[in-house]
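The structure appears below as structure tokens.
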């Protein structure tokens with residue numbers, strides 16, 4: 001493809017540059033509008049500058065990719081409501097044998113979860129949980145946050161639904177879910193193990209510090225997080241915000257009545273004359289060392305002809321006022337207890353049945369994808385089944401979908417397609433292509449370097465959109481098997497490339513921001529602390545994985 005006119009090339013470069021700056025640096029001082037608005041701005045400029053027509057802009061939007069992304073978001077939301085991520089988090093601290101064992105679990109759990117539920121979702125859900133577990137065990141947060149971010153990126157490379165660039169590759173190339181999985185899964189497993197070993201070597205001294213010594217140095221004032229607090233944290237996967245879940249009802253069922261020494265609560269009882277008698281119970285714990293004086297008197301309630309006892313207790317420190325209801329009211333309450341227990345039991349079974357349906361639907365979706373069914377419609381079907389099984393208005397669930405991400409993809413599709421029409425990407429590829437063929441080790445190494453650098457400069461999804469068809473066409477000239485191998489190489493390298501720098505992957509930024517904003521457990525993961533680990537890890541893991549993918 002020859003270069004377009006000079007005016008189109010210049011204007012197309014301007015539009016793409018604006019998109020790139022706002023996508024990589026969404027909070028630039030001169031225009032802090034964010035990534036979504038930046039992608040729409042780039043798309044609009046491509047049309048206004050007449051680099052492409054409005055019809056070409058609409059045609060550039062890839063609906064199958066958007067459908068697959070939407071479906072996986074909805075499924076992830078329901079899995080979070082069904083406490084799937086809470087169970088995954090509990091696996092991290094269950095019978096842990098020390099800091100190194102905990103680090104290995106973080107790597108393994110985050111990799112597997114990212115392959116099934118996307119890396120961004122995994123990082124959103126597990127970041128603050130890992131911070132709490134590290135604080136509970138008096139461990140430094142940095143190795144565990146790096147383990148979460150890097151392992152999530154590596155693990156997400158194994159499936160087409162693991163990350164956005166894999167979605168693009170799977171839909172564009174037509175590679176089935178099973179072929180994609182079997183082509184990259186071995187490299188993913190070896191990559192996660194290698195990354196874990198690098199983390200252990202890099203942070204061995206930090207993870208070997210004796211816990212008691214840390215407590216002594218802190219003056220015995222360490223903040224210990226309770227187990228129930230560690231296992232109760234939850235996020236909305238698609239939006240990085242807290243959300244209510246079905247487990248809220250489960251908690252209510254497990255504890256129908258909760259008492260607190262520092263709060264006042266009221267309970268209503270029914271009587272024959274007036275069923276709305278309000279009986280207030282106020283209690284404050286009194287000191288066991290103080291002497292109490294108890295005065296009992298009988299008063300009448302305005303709304304009831306019968307008497308009730310009012311017991312007043314005074315002490316030097318606190319006073320306790322207890323108002324007792326008539327005895328016949330408590331007798332009726334005792335009779336209602338079996339009925340309440342039966343209602344609670346029925347609610348428990350309903351929640352259990354609902355969770356089972358969510359897990360079975362998700363499992364059915366994964367099986368359908370392995371069978372080679374259309375990925376986009378399979379994900380949408382699973383999402384609609386879950387919405388139907390919820391038996392409630394779907395608005396509350398659909399509001400949690402990250403529509404800003406879907407709009408970002410629409411704008412990015414248009415902007416990248418307009419930049420391709422200028423002819424610049426094709427001209428640059430023609431210079432590199434003769435030396436980057438995948439039929440030689442030297443060519444594979446050069447191609448990997450190009451993908452690695454471009455993924456960190458232009459981000460991994462635009463890199464896939466720019467290079468995908470060109471790399472596949474070059475490999476297709478060798479053999480059909482080479483074309484498939486080229487797509488898998490692109491998927492592996494563009495994904496692992498996200499571990500190079502803090503800005504290389506959205507998952508890295510999510511971990512960084514979530515950790516920094518975490519209440520009571522905040523930690524600042526800096527660019528340079530990530531880079532010192534990211535560079536050697538990315539180079540080693542990419543090289544080892546490439547050998548496995550190429551030999552597939």
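In UniProt numbering, the protein residues as written are 1 to 552. Beta carbons are placed, not taken as given, at the ideal position from N, Cα and C, and that holds for glycine. Computed from a predicted structure; not experimentally measured.
(1) Would the stretch 129–138 and the stretch 99–108 be scored as touching if the rule is three or more Cβ pairs under 8 Å?
(2) Which residues in the same chain as residue 110 place their Cβ atom closer than 6 Å to its Cβ, once the five residues preceding and following it in sequence are excluded?
(3) Residue 446 to residue 63, Cα distance in whole Å?
(4) Do you know whose CA, among 409, 364, 467, 437, lies nearest residue 424's CA?
(5) Do residue 70 and residue 406 come within 9 Å of each other at the CB atom, strictly closer than that value?
(6) So, helix, strand or coil for residue 438, using DSSP?
(7) Short of 7 Å in beta carbon distance, which residues of its chain neighbour residue 534, apart from the five on each side in sequence? Order them along the chain.
(8) Among 403, 169, 31, 206, which residue has its Cα nearest to the Cα of residue 463?
(9) Taking 7 Å as the limit between beta carbons, can you name the residues of its chain near residue 506, skipping five residues before and five after?
(10) Beta-carbon within less than 6 Å of residue 281's beta-carbon, same chain only, minus the 5 sequence neighbours each way: which residues are those?
(11) To which residues of the same chain is residue 16 closer than 7 Å at the C-beta, ignoring the five residues directly before and after it?
(12) Would residue 76 and residue 208 qualify as a contact pair, given that the criterion is a beta-carbon distance under 9 Å?
(13) So the candidates are 81, 548, 126; which of them puts its Cα closest to the Cα of residue 91?
(14) Just checking my contact of residue 154 with residue 124 at CB under 8 Å: how many whole Å lie between their CB atoms?
(15) Alpha carbons only, please: which of 497, 51, 493, 512 is nearest the one belonging to residue 546?
(16) Is the stretch 48–61 touching the stretch 78–90 in the sense that three or more CB pairs, one from each, lie closer than 8 Å?
(17) Residue 356 to residue 162, Cα distance in whole Å?
(18) Apart from the five residues just before and just after residue 380, which ones in its own chain have a Cβ nearer than 6 Å to its Cβ?
(19) Expressed to the nearest angstrom, what Euclidean distance is found between the alpha-carbon atoms of residue 6 and residue 141?
(20) Terminal residues of the continuous alpha helix (DSSP H) containing residue 551?
(21) Sorted by chain position, which residues of the same chain lie with C-beta nearer than 8 Å to residue 542's C-beta, five sequence neighbours on each side aside?
(22) Considering only the alpha carbon of each residue, which of 458, 421, 477 lies closest to residue 11?
(23) What are the uninterrupted segments assigned as alpha helix (DSSP H) that are 4 or more residues long and contained completely in the stretch 444–526, given in chain order?
(24) Mind reading off the beta-carbon distance from residue 187 to residue 540? Whole number of angstroms is fine, and I expect it under 8 Å.
(25) Taking residue 60 as the reference, give the member of 482, 144, 118, 465 with the closest Cα.
(26) Would a C-beta distance cut-off of 9 Å place residue 78 and residue 386 closer than the cut-off?
(27) Taking the alpha helix (DSSP H) that residue 19 falls in, what are its first and last residues?
(28) The alpha helix (DSSP H) with residue 88 in it runs from where to where?
(29) Along the chain, where does the alpha helix (DSSP H) that runs through residue 387 open and close?
(30) Just to confirm, is the Cβ distance from residue 45 to residue 511 under 9 Å?
(31) Would you mind sorting residue 222 into buried or exposed? The rule is 16 or more other CB atoms within 10 Å of its CB.
(32) Please classify residue 28: does DSSP put it in a helix, a strand, or coil?
(33) Since residue 404 and residue 198 should fall inside the 8 Å C-beta cutoff, what is the C-beta to C-beta distance between them, to a whole number of angstroms?
(34) According to the neighbour-count rule (16 or more other Cβ atoms, all chains shown, within 10 Å of its Cβ), is residue 74 buried or exposed?
(35) What's the gap between the Cα of residue 3 and the Cα of residue 429?
(36) Helix, strand or coil: which one does DSSP assign to residue 205?
A quick look at the data gives this:
(1) yes
(2) The residue given as residue 110 occupies position 110 in the chain shown. Excluding sequence neighbours, residue 110 sits near 122, 148, 151, 152.
(3) Looking up residue 446 in the chain shown gives position 446. Looking up residue 63 in the chain shown gives position 63. Linking residue 446 to residue 63 through their CA atoms gives a straight-line distance of about 33 Å.
(4) Counted from its first residue, the chain shown places residue 424 at position 424. Restricting attention to 409, 364, 467, 437, the CA atom closest to the CA of residue 424 is found in 467.
(5) Counting from one through the chain shown, the residue named residue 406 turns up at place 406. Counting from one through the chain shown, the residue named residue 70 turns up at place 70. Yes.
(6) Taking the first residue of the chain shown as position 1, residue 438 is located at position 438. In the structure shown, residue 438 sits in coil (DSSP, three-state: anything other than H, G, I, E or B).
(7) The residue given as residue 534 occupies position 534 in the chain shown. 499, 500, 501, listed in sequence order.
(8) For the purposes of this step, residue 463 is taken as residue 463 along the chain shown, with counting starting at 1. It is 169 whose Cα lies nearest to the Cα of residue 463.
(9) Indexing the chain shown from 1 puts residue 506 at position 506. The answer, listed in chain order, is 120.
(10) In the chain shown, counting from the first residue as 1, residue 281 sits at position 281. Residue placement at residue 281 is flagged as unreliable, the pLDDT there being 35, under the threshold of 50; the coordinate-derived value follows with that caveat. Residues of the same chain with a CB within less than 6 Å of the CB of residue 281, apart from the 5 flanking positions on each side, do not exist.
(11) As a position in the chain shown, residue 16 is number 16, starting the count at 1. The answer, listed in chain order, is 42, 415, 419.
(12) In the chain shown, counting from the first residue as 1, residue 76 sits at position 76. In the chain shown, counting from the first residue as 1, residue 208 sits at position 208. Not in contact: residue 76 and residue 208 (Cβ atoms no closer than 9 Å).
(13) As a position in the chain shown, residue 91 is number 91, starting the count at 1. Per the Cα distances, 126.
(14) Counting from 1 along the chain shown, the entry for residue 154 is found at position 154. Counting from 1 along the chain shown, the entry for residue 124 is found at position 124. That pair is no contact at about 18 Å.
(15) As a working note, residue 546 is residue 546 in the chain shown. Among 497, 51, 493, 512, the Cα nearest to that of residue 546 belongs to 493.
(16) Judged by Cβ distances under 8 Å, the stretch 78–90 makes no contact with the stretch 48–61, as fewer than three pairs qualify.
(17) By one-based count along the chain shown, residue 356 stands at place 356. By one-based count along the chain shown, residue 162 stands at place 162. Taking the straight line from one Cα to the other gives about 23 Å.
(18) Here the question's residue 380 lines up with position 380 in the chain shown. The answer, listed in chain order, is 67, 71.
(19) Locating residue 6 in the chain shown gives position 6, counting from the first residue. Locating residue 141 in the chain shown gives position 141, counting from the first residue. Spanning the two alpha carbons is a distance of roughly 52 Å.
(20) For the purposes of this step, residue 551 is taken as the residue at position 551 of the chain shown. Per DSSP, residue 551 belongs to no alpha helix (DSSP H) and is neither H nor E.
(21) By one-based count along the chain shown, residue 542 stands at place 542. Contacts found: 448, 452, 492, 493, 496, 497.
(22) In the chain shown, counting from the first residue as 1, residue 11 sits at position 11. Considering only alpha carbons, the answer is 421.
(23) Listed in chain order, the complete alpha helix (DSSP H) runs (minimum 4 residues) inside the stretch 444–526 are 460–476, 480–496, 506–517.
(24) Translated into positions along the chain shown, residue 187 becomes position 187. Translated into positions along the chain shown, residue 540 becomes position 540. That pair is no contact at about 13 Å.
(25) Indexing the chain shown from 1 puts residue 60 at position 60. Ranking 482, 144, 118, 465 by Cα distance to residue 60 puts 465 first.
(26) Working through the chain shown from its first residue, we reach residue 78 at position 78. Working through the chain shown from its first residue, we reach residue 386 at position 386. Yes, the Cβ-Cβ distance between residue 78 and residue 386 is below 9 Å.
(27) Position 19 of the chain shown, counted from the start, is the residue given in the question as residue 19. It spans 6–24 - the alpha helix (DSSP H) in which residue 19 sits, taken as one unbroken run.
(28) Taking the chain shown and counting its residues from 1, one reaches residue 88 at position 88. Counting along the chain, the alpha helix (DSSP H) containing residue 88 begins and ends at 84–93.
(29) The count along the chain shown starts at 1 and reaches residue 387 at position 387. Start and end: 375–389.
(30) In the chain shown, residue 45 corresponds to position 45, counting from 1. In the chain shown, residue 511 corresponds to position 511, counting from 1. The answer is no: Cβ separation not under 9 Å.
(31) Mapped onto the chain shown, residue 222 falls at position 222. Its pLDDT being 40, under 50, residue 222 is placed unreliably in this model, and the value from its coordinates should be taken loosely. By the neighbour-count rule (16 or more Cβ atoms within 10 Å), residue 222 is not buried but exposed.
(32) Position 28 of the chain shown, counting from 1, holds the residue named residue 28. Shown here, residue 28 sits in coil according to DSSP, grouped into three states, outside any helix or strand.
(33) Indexing the chain shown from 1 puts residue 404 at position 404. Indexing the chain shown from 1 puts residue 198 at position 198. Not really, about 34 Å apart at Cβ, beyond 8 Å.
(34) Mapped onto the chain shown, residue 74 falls at position 74. Classification of residue 74: buried, given that the 10 Å Cβ count is 16 or more.
(35) Locating residue 3 in the chain shown gives position 3, counting from the first residue. Locating residue 429 in the chain shown gives position 429, counting from the first residue. Residue 3 and residue 429: Cα-Cα distance of roughly 13 Å.
(36) Locating residue 205 in the chain shown gives position 205, where the first residue counts as 1. Residue 205 falls in the helix class under three-state DSSP.
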